[in-house]
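Asks: This is the structure I have questions about; it appears just below.
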Amino acid sequence: MPPDPFAGDPDDPSMELGDHDAIYPPLGEQERAELLADLADLAVYQALLEPRGIRGIVVDCADCGEAHYHDWELLRASLEQLLRDGRMRPHEPAYDPDLSRYVTWEYCRGYADGVTEIESSR
1 MPPDPFAGDP DDPSMELGDH DAIYPPLGEQ ERAELLADLA DLAVYQALLE
51 PRGIRGIVVD CADCGEAHYH DWELLRASLE QLLRDGRMRP HEPAYDPDLS
101 RYVTWEYCRG YADGVTEIES SR
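In UniProt numbering, the protein residues as written are 1 to 122.
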């Protein structure tokens, strides 16, 4: 992310928008632990599914009711930003995603569990 051109400037125009930290309180320890677990899971899912042609994860958005398609790296960056800043910045939706190349988080979890079960039974 590029540096803020107004960092430290007392005339920063964004100051008129109010205190953003008040809107986004710091993450609690449990939230941080859950995000770290999600990031670890995401790395496993990507390692297992990317070689099979899966580009990322589809998430049903509770706010707008639409499906959001996240490539592996975009989702990782968003989760890392949430961990660091306590919020995610909006981003452009995937352009014309191939729906067959995105799976749900639940699918990823089930796939990883299946691979683990097969590997442990050998």
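Every residue, glycine too, gets a C-beta built ideally from N, C-alpha and C.
1) Out of Pro90, Asp9, Arg55 and Gly114, state which residue places its alpha-carbon closest to the alpha-carbon of Pro97.
2) Tell me the residue span of the beta strand (DSSP E) that contains Asp38.
3) I'd like to know if the stretch 79–87 and the stretch 105–117 are in contact, where contact means that at least 3 CB-CB pairs between them fall below 8 Å.
4) Counting pairs of Cβ atoms below 8 Å between the stretch 65–79 and the stretch 33–47, do you hit three or more?
5) In the DSSP output, which residue or residues are listed as bridge partners for Asp71?
6) Starting from the C-beta of Tyr69, find all residues in its chain whose C-beta is less than 6 Å away, skip the five residues before and the five after it, and write them out in chain order.
Replies: Answer, in terms of the structure:
1) Here residue 97 is taken as the residue at index 97 of the sequence shown, counted from 1. By alpha-carbon distance to Pro97, the top candidate from Pro90, Asp9, Arg55 and Gly114 is Arg55.
2) Stepping through the sequence shown from its first residue, residue 38 is reached at position 38. Asp38: not part of any beta strand (DSSP E); member of the alpha helix (DSSP H) spanning Glu29 to Leu49, first to last residue.
3) Segments in contact, no.
4) A contact is defined here as three or more CB-CB pairs under 8 Å, and the stretch 65–79 meets this definition with respect to the stretch 33–47.
5) By one-based count along the sequence shown, residue 71 stands at place 71. DSSP output for Asp71 lists Gly56 as bridge partner(s).
6) Locating residue 69 in the sequence shown gives position 69, where the first residue counts as 1. Contacts found: Val58, Ala94, Pro97 and Tyr102.
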